[in-house]
Amino acid sequence: MEVLHNLAFGFEHALTLQNLMFCAIGCTVGTLVGLLPGLGPLATISILLPLTYSIPTGGALIMLAGIYYGAQYGDSVSAITMRIPHASSIVACIDGYQLTLKGRTGLALFTAGVSSFIGGTVAIVVLAWLAPALGEVAFLFGPADYCSLMLVGFVCVSFVTTGSLLNGMAMCLIGVLLGQIGTDINSGMQRFTMNLSFLVDGVGLVSIALGCFGIAEITKNLDSGEERSPFNGKIKLMPSWPEFKRIIPSALRGSIIGSFLGILPGGGPVIAQFAAYAVDKKVSKYRHEIGQGAIEGVAGQAAADEAAARTSFIPLMSIGIPENAVMALMMAAFIVKGIQPGPNMIATHPDLFWGLVASMWVGNCFLLILNVPMVRYWLSVFKIPYAVLFPSILFFCSIGTYSVNNNLDDIFITVAFGLIGYIFMRLELDAAPLMLGFILGPMLEENFRRALLLSRGSFSIFVTRPISATLLGFIAAFVIWQLTAFILQARRAVRAQPA
Amino acid sequence: MNDENLVRGLVLIAIALTFGLSALRYPLGDFSRAGPGLFPLMVSSLLLLIGVATVIKSRFDKRKPLYFNVRNISIILLSLCGFALISKYVNMIAGIVFMVFFSSFAASTYSIARNAKVAAGLVAIAFAFQKLLGLNLPLY
Chain L
1 MEVLHNLAFG FEHALTLQNL MFCAIGCTVG TLVGLLPGLG PLATISILLP
51 LTYSIPTGGA LIMLAGIYYG AQYGDSVSAI TMRIPHASSI VACIDGYQLT
101 LKGRTGLALF TAGVSSFIGG TVAIVVLAWL APALGEVAFL FGPADYCSLM
151 LVGFVCVSFV TTGSLLNGMA MCLIGVLLGQ IGTDINSGMQ RFTMNLSFLV
201 DGVGLVSIAL GCFGIAEITK NLDSGEERSP FNGKIKLMPS WPEFKRIIPS
251 ALRGSIIGSF LGILPGGGPV IAQFAAYAVD KKVSKYRHEI GQGAIEGVAG
301 QAAADEAAAR TSFIPLMSIG IPENAVMALM MAAFIVKGIQ PGPNMIATHP
351 DLFWGLVASM WVGNCFLLIL NVPMVRYWLS VFKIPYAVLF PSILFFCSIG
401 TYSVNNNLDD IFITVAFGLI GYIFMRLELD AAPLMLGFIL GPMLEENFRR
451 ALLLSRGSFS IFVTRPISAT LLGFIAAFVI WQLTAFILQA RRAVRAQPA
Chain Y
500 MNDENLVRGL VLIAIALTFG LSALRYPLGD FSRAGPGLFP LMVSSLLLLI
550 GVATVIKSRF DKRKPLYFNV RNISIILLSL CGFALISKYV NMIAGIVFMV
600 FFSSFAASTY SIARNAKVAA GLVAIAFAFQ KLLGLNLPLY
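Chain order of the listed sequences is L and Y. Residue numbers for the first sequence follow the working numbering, beginning at 1 and rising by one. Residue numbers for the second sequence follow the working numbering, beginning at 500 and rising by one.
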């Protein structure tokens, strides 16, 4: 009952005219930017983050959350209609694009919209029940446990986003090191500032995000120089009743899988999509059609995607540890607004917490009633040639960087990270783990130093505490598995070579 | 040398050494009272290990040529620098116009009329940001 009461309280905050407006703007702008080629949720949030600085706290968070879902939905639209593979909607490219080839784009878009709505609704129920309970658990966490939890996050994110533990961990560590630039909080000493005054407060998050995602993405698209054929097909949205009935079971399965996978460290939309798709392929009544344009192939993954996007807020808001790069950016947005996400957030800012939870559902409704019917108009974004688009994206990147501190010099830092981001991209080093490392870095150091202070310098504190020991055990098992796989592969490669 | 996997390892080693060697200049303290240099030193040592592992691993992997297009990234970065400098010393409208016209060299086609339209549109958006969102832009 208490949950219902809390949700009602949240809706009171989410349904004010002002917040409704922010939610609608966020969803709409997010969808539009998310539709653009090469811009996934991470890039979209980075570009639009500075715009929320001048908005009151509650509204800003609601708008950012709206941008996030909007960007995800926009992503799946471009995946379904044009098979532009974004990091966050790879699975939608499979069956969704097959449906487009069959001339059923409208059906695929409708299915994705409705399934997202179902996924989001299930996830919000999970979120409302679980986040406060997990918040209680968070009070059992000591500094050592926090360190181990962050390391688990690094390992999982590295593996999930890049597929290579080595490359991903390297990027996390580089992120942690970048987070060290600036003044050391314990001793007040300036580290890695090279005596440059603008580095004393550290490198700006927005500069790194826009450099590594905005600018590097633009250049990558320019390098490939491909001309996209705009989507010109006709769209018939409403499905027939038997088709509609096929959406429901698959979407419900996807919602449950997504809600669960979204909570785990390193989890989030990407694995959830793959898992839901795989499950549908095993158990769906229409499994023989999946892969060739089945409704289930779209419904399950869309629901899982949306559900995981919502439940990935749980670790951030209850324990205070973001579990993937998008959540790390959200955490930065919270901190800019003077709110430390964590177990105390629900108690100290109940209006923000429950307002945000309720606004997620409001955002879902907006996506359903606003975006699904309007999608045909929004596809006209694709008719804009890239030569018009990329100077505009550059403009938003520079305005975004400037408006953080009203300082034009910050643009040079963004330029530097644009170059670094481009080099990383060409070396196939994914920047997403870097973001997570950068935001968690200072927290990791603080907890690490505190843990060692408590144990008088003995590392045994990391293995004698049960929570930390379990988490480290998990990492050890994972690393051993990876090492074994590598050694086996190397041996095979050596044997294959003629002596 | 033109092997992406090898270069990746070398870059990682270089980053690790840059941070690690400067960390040595800060007081390290001991584990019970860590100084400002200790944590960065540990992190960069780990990164160094990963870099070395990547170099070793590249000997087993297939060579993959490194692709690097200097032209596009230079145009994009220069247009951003130009935007910042012109906005600082002249005004932001001139900066926007410069950015649009210069960055377009990276596109496959170049059209002055198209650039003029894009620049006009972006200036209008900048005015909207200034008046409606209250951003403090030095437009003129």
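Ideal Cβ placement from N, Cα and C applies to all residues, glycine included.
Reduced DSSP category for L:G59 - H, G, I as helix; E, B as strand; rest coil: Working through the first sequence from its first residue, we reach residue 59 of chain L at position 59. Residue state for L:G59 is assigned as helix, using DSSP reduced to three classes.
Taking only three categories from DSSP, how would you classify L:A294? In the first sequence, the residue the question calls residue 294 of chain L occupies position 294. In the structure shown, L:A294 falls within a coil segment according to DSSP collapsed to helix, strand and coil.
Output yes or no for whether 8 angstroms exceeds the beta carbon distance between Y:L638 and Y:F626. For the purposes of this step, residue 638 of chain Y is identified with residue 139 of the second sequence, where counting begins at 1. For the purposes of this step, residue 626 of chain Y is identified with residue 127 of the second sequence, where counting begins at 1. In this structure, Y:F626 lies closer than 8 angstroms to Y:L638 by Cβ.
Output yes if chain Y places a C-beta closer than 8 angstroms to the C-beta of L:I399; else output no. By 1-based counting over the first sequence, the position of residue 399 of chain L is 399. Yes, because at least one Cβ of chain Y sits closer than 8 angstroms to the Cβ of L:I399.
Taking 8 angstroms as the CB-CB limit, is L:N19 close to chain Y? By 1-based counting over the first sequence, the position of residue 19 of chain L is 19. Chain Y, which has no Cβ nearer than 8 angstroms to the Cβ of L:N19, makes this no.
Exposure label - L:A499; buried when at least 16 CB within 10 Å: To locate residue 499 of chain L, count along the first sequence from 1; it is residue 499. At L:A499 the pLDDT is 47, less than 50, meaning the model places this residue with poor confidence; the figure from the coordinates comes in the next sentence. When all chains shown are included, L:A499 counts as exposed.
Among Y:L636, Y:F530, Y:D560, whose alpha-carbon lies nearest the alpha-carbon of Y:G508? Numbered from 1 along the second sequence, position 9 holds the residue referred to as residue 508 of chain Y. When Y:L636, Y:F530, Y:D560 are compared, the shortest CA-CA separation from Y:G508 is found for Y:D560.
Is there a Cβ of chain Y sitting closer than 8 angstroms to that of L:T484, yes or no? Taking the first residue of the first sequence as 1, we reach residue 484 of chain L at position 484. Cβ-Cβ to chain Y under 8 angstroms: no for L:T484.
Give the secondary structure of L:A499 by DSSP, where H, G and I count as helix, E and B as strand, and everything else as coil. Within the first sequence, numbered from 1, the residue matching residue 499 of chain L stands at position 499. Note that L:A499 has pLDDT 47, beneath the 50 cutoff, so the model's placement of it is unreliable and the number below is only indicative. Per DSSP, reduced to three states, the secondary structure at L:A499 is coil, with no helix or strand assignment.
Thinking just about the alpha-carbon of each residue, which of L:S392, L:R310, L:G103, L:V336 is nearest to the one in Y:A623? The count along the second sequence starts at 1 and reaches residue 623 of chain Y at position 124. Out of L:S392, L:R310, L:G103, L:V336, the CA that lies nearest to the CA of Y:A623 is found in L:S392.
Shorter than 8 angstroms from the beta carbon of Y:E503 to some beta carbon of chain L? One-based indexing of the second sequence puts residue 503 of chain Y at position 4. Taking Cβ atoms only, chain L reaches closer than 8 angstroms to Y:E503, which makes this a yes.
Checking contacts by CB at 8 angstroms: is L:P391 closer than that to chain Y? Within the first sequence, residue 391 of chain L is the residue found at index 391, counting from 1. Contacts with chain Y at 8 angstroms (Cβ-Cβ) include L:P391.
In chain Y, which residues lie with their C-beta within 7 angstroms of the C-beta of L:F505? Outside the modelled stretch of chain L, which goes from 1 to 499, sits residue 505 of chain L, for which no answer is possible.
Could you list which residues in chain L have their beta carbon closer than 8 angstroms to that of Y:I595, in chain order? For the purposes of this step, residue 595 of chain Y is taken as residue 96 along the second sequence, with counting starting at 1. At a beta-carbon threshold of 8 angstroms, the residues of chain L lying near Y:I595 are F395, ordered along the chain.
In three-state DSSP terms, what is L:Q98? As a position in the first sequence, residue 98 of chain L is number 98, starting the count at 1. Correct three-state label for L:Q98: helix.
When the Cα of L:A3 is compared with those of L:I480, L:V357, L:A490, which residue comes out closest? The sequence position of residue 3 of chain L within the first sequence is 3, counting from 1. Looking at the sequence provided, one finds Val at residue 3 of chain L rather than Ala. For the options L:I480, L:V357, L:A490, the alpha carbon positioned closest to that of L:V3 is the one of L:V357.
Please list the partners that Y:A606 has in chain L, where partner means a Cβ-to-Cβ separation under 8 angstroms. Here residue 606 of chain Y refers to the residue found at position 107 when the second sequence is read from its first residue. Here the neighbours are L222, Y386, A387, F390.
Can you say whether L:G473 is buried or exposed, counting buried as having 16 or more other CB atoms within 10 angstroms of its CB? For this step, residue 473 of chain L is matched to residue 473 along the first sequence. Within 10 angstroms of the beta-carbon of L:G473 lie fewer than 16 other beta-carbons, which makes it exposed.
So L:D184 contacts chain Y; which residues on that side make the cut at Cβ distance below 7 angstroms? Mapped onto the first sequence, residue 184 of chain L falls at position 184. What L:D184 touches in chain Y: P535.
Taking 8 angstroms as the CB-CB cut-off, is L:F139 touching chain Y? The residue given as residue 139 of chain L occupies position 139 in the first sequence. No - not a single Cβ of chain Y is within 8 angstroms of the one on L:F139.
Given this structure, state the Cα-to-Cα distance separating L:F169 from L:P373, to the nearest angstrom. As a first step, residue 169 of chain L must be located in the first sequence, where it is residue number 169. As a first step, residue 373 of chain L must be located in the first sequence, where it is residue number 373. It is worth fixing the name first, because residue 169 of chain L is Met in this sequence and not Phe. So the alpha carbons of these two residues sit roughly 43 angstroms apart.
For Y:R507, go through chain L and note every residue whose CB falls closer than 8 angstroms to its CB, in chain order. Position 8 of the second sequence, counting from 1, holds the residue named residue 507 of chain Y. Result: N167, L427, E428, L429.
Let me check one thing: in DSSP terms, what residues is L:T111 bridge-paired to? Within the first sequence, residue 111 of chain L is the residue found at index 111, counting from 1. Assignment of beta-bridge partners to L:T111 by DSSP yields no partner.
Chain-ordered neighbours of Y:S557 on chain L, where CB pairs are closer than 8 angstroms: For the purposes of this step, residue 557 of chain Y is taken as the residue at position 58 of the second sequence. Ordered by position in chain L, no residue passes the 8 angstroms Cβ test against Y:S557, which lies about 11 angstroms from the chain.
At what residue ranges does the region 287-367 of chain L contain a whole run of the alpha helix (DSSP H), taking only runs of 4 or more? Listed in chain order, they are 295-311, 313-318, 325-336, 343-348, 350-366.
When the Cβ atoms of the region 116-124 of chain L are set against those of the region 347-366 of chain L, are three or more pairs found closer than 8 angstroms? A contact is defined here as three or more CB-CB pairs under 8 angstroms, and the region 116-124 of chain L meets this definition with respect to the region 347-366 of chain L.
Residue-level contact to chain Y via CB, L:V122, 8 angstroms cutoff: Numbered from its first residue, the first sequence carries residue 122 of chain L at position 122. By this cut-off, L:V122 is not an interface position.
What separation, rounded to the nearest whole angstrom, lies between the Cα atoms of Y:S603 and L:L205? Indexing the second sequence from 1 puts residue 603 of chain Y at position 104. Indexing the first sequence from 1 puts residue 205 of chain L at position 205. For Y:S603 and L:L205, the gap between their C-alpha atoms comes out near 27 angstroms.
Contact list for L:T219 against chain Y, beta-carbon separation under 7 angstroms: Walking along the first sequence from the start, residue 219 of chain L turns up at place 219. One finds N571, I572, I575 in chain Y with Cβ atoms closer than 7 angstroms to the Cβ of L:T219, taken in chain order.
Distance, L:G400 Cα to L:L49 Cα: Counting from 1 along the first sequence, the entry for residue 49 of chain L is found at position 49. Counting from 1 along the first sequence, the entry for residue 400 of chain L is found at position 400. Using only the alpha carbons, I get a separation of about 8 angstroms.
On the DSSP bridge list, what partners appear for Y:G528? If you number the second sequence from 1, residue 528 of chain Y lands on position 29. In DSSP, Y:G528 forms a bridge with Y:A533.
Helix, strand or coil for Y:R562, going by three-state DSSP, please let me know. In the second sequence, residue 562 of chain Y corresponds to position 63, counting from 1. If DSSP states are grouped into helix, strand and coil, Y:R562 belongs with coil.
Three CB pairs or more closer than 8 angstroms across the region 244-259 of chain L and the region 587-606 of chain Y: With a cut-off of 8 angstroms, the region 587-606 of chain Y and the region 244-259 of chain L do not count as touching, because too few Cβ pairs lie within range.
What does Y:N635 reach in chain L if we use C-beta pairs closer than 7 angstroms? Within the second sequence, residue 635 of chain Y is the residue found at index 136, counting from 1. Correct list: N406.
Nearest-angstrom Cβ-Cβ length linking L:P269 and L:A325, presumed shorter than 8 angstroms: Against the first sequence, residue 269 of chain L aligns to sequence position 269. Against the first sequence, residue 325 of chain L aligns to sequence position 325. With a Cβ gap of about 12 angstroms, L:P269 and L:A325 do not count as contacting.
Just to make sure I have the definition right: I need the residues of chain L whose C-beta is within less than 9 angstroms of the C-beta of Y:V510. Which are they? What you label residue 510 of chain Y is simply residue 11 of the second sequence in a count that begins at 1. The contacting residues are I423, F424, L427, L429.
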